[in-house]
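Reviewing the structure listed below.
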Amino acid sequence: MDSSRRAVEAYWRSRMIDAVTSDEDKVAPVYKLEEICELLRTSHVSIVKEVSDYILKRLDHKSPIVKQK
């Protein structure tokens, strides 16, 4: 049960990052950026590492828009 909860939370975090770093040529909503900042401020170091690794993976995306965001 606990592992499935962690998996769902990890999926939710990755979707949050995907929404902010989408391929659309629009500015990322500030409230979503603030949500991510608050998540990183209040989370355990392992979650912060997981999120930062995922963000670094997004830099491998071929779209320059995603890389800029």
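Heads up, the sequence shown is in the working numbering, so the first residue is -14 and it goes up one at a time.
Beta carbons: idealized from backbone N, C-alpha and C, even for Gly.
- Excluding five sequence positions before and after E9, the CB atoms of its chain that fall closer than 8 Å to its own CB belong to I50, given in chain order.
- With 16 or more other Cβ atoms from the protein chains shown falling within 10 Å of its own Cβ, V36 counts as buried.
- Taking the C-beta atoms as reference points, E20 is found nearer than 8 Å to M1.
- Restricting attention to alpha helix (DSSP H) runs no shorter than 4 residues, the stretch 8 to 41 encloses them at 15 to 27, ordered along the chain.
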